[in-house]
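Its first residue numbered 4, the sequence shown is counted upward by one per residue in my numbering. Where is the CB? At the ideal position from N, CA and C, for every residue including glycine. Nothing here was measured: the structure is a model prediction, and the numbers come from that model. Have a look at the structure below, then the notes.
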Amino acid sequence: MDRLDRMRLFVRVVERRNFTAAAADLGLPRSTATEAIKQLEDHLGTRLLDRTTRHVATTLDGQAYYERCLFILGEVEDAEAGFRSAEPRGLLRIDAHPLLTQRFLLPGLPVFLERYPEIDLHIGQGDRLVDLVREGVDCVIRAGEPQDSGMIMRRLATISEITCASPGYLERHGVPASPDALDGHQAIGFVSSRTGEVLPLEFTVGTKVHRATLPGRVRVNNSGTAA
4 MDRLDRMRLF VRVVERRNFT AAAADLGLPR STATEAIKQL EDHLGTRLLD
54 RTTRHVATTL DGQAYYERCL FILGEVEDAE AGFRSAEPRG LLRIDAHPLL
104 TQRFLLPGLP VFLERYPEID LHIGQGDRLV DLVREGVDCV IRAGEPQDSG
154 MIMRRLATIS EITCASPGYL ERHGVPASPD ALDGHQAIGF VSSRTGEVLP
204 LEFTVGTKVH RATLPGRVRV NNSGTAA
């Protein structure tokens, strides 16, 4: 396995957050993938991944290396594509939340259209769970943890979330000092299109994630409205 192959494997492990799934995607035994990442860490002299029994996450160095790998592999792909006779063409169907469309898709659209003049785009926008096969959608842009491990996924960016309250609400109900002090508070509930249930609020304190589902009189199924 050469250096580029290790980069591709590392990127797939980060995106899949799982050695077994990443190895299967690339047609490798899990043991080979694990040993290759260990050799990569030894070569770089730093730990790239935090491993648990359930998932894999990047360290700070790992996240920086992941972003560099994406750039390098993209440059290699562009260099090779310049010598291929077949020009990509056809209709590409994309589905994305309106906020993600504005944040990640639209800024790169002019460059994409110039680079691929034979590709037409159909961009659907919504907050619901899309069945890619049944609805004929080629790719989706979503926030959160994907549930379908059979899909090929790539992390585009990391989005930070904050929990907000109006000054009037805090004046009436007080400011909670920690996630453990949320008893008696209410929140606007965001209903998951996948489960039909209100998603819990998530707070990261150190390395621990605290989840809390607060009561509320208003529930919405659009994250833009909830915000």
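Item, Value
"Report all residues from its chain with a CB closer than 6 Å to the CB of L202; omit the five preceding and five following residues, and keep chain order.", "F193 and S195"
"Among P91, L102 and L135, whose alpha-carbon lies nearest the alpha-carbon of F115?", "P91"
"In whole angstroms, give me the CA-to-CA distance for L43 and L29.", "17 Å"
"Cutting at 7 Å between CB atoms, please list the residues of its own chain near E80, excluding the five before and the five after it.", "none"
"Alpha carbon to alpha carbon, how far is R118 from R106? Give it in angstroms, no decimals.", "20 Å"
"In this structure, does DSSP put H46 in helix, strand or coil?", "helix"
"In chain order, what residues of the same chain have a beta carbon less than 6 Å from the beta carbon of G127, not counting five sequence neighbours either side?", "D98"
"According to DSSP, is D130 helix, strand or coil?", "coil"
"Give the C-beta separation of A3 and L204 to the nearest angstrom, bearing in mind that I take them to be a contact with Cβ-Cβ under 8 Å.", "Nothing can be reported for residue 3, as the shown portion of the chain is limited to 4 through 230."
"Can you list the beta strand (DSSP E) stretches of 3 or more residues lying completely in the stretch 20-79, in chain order?", "52-54 and 59-61"
"Assess, as a yes-or-no matter, whether the stretch 170-188 is touched by the stretch 44-55 under the definition of 3 or more beta carbon pairs within less than 8 Å.", "no"
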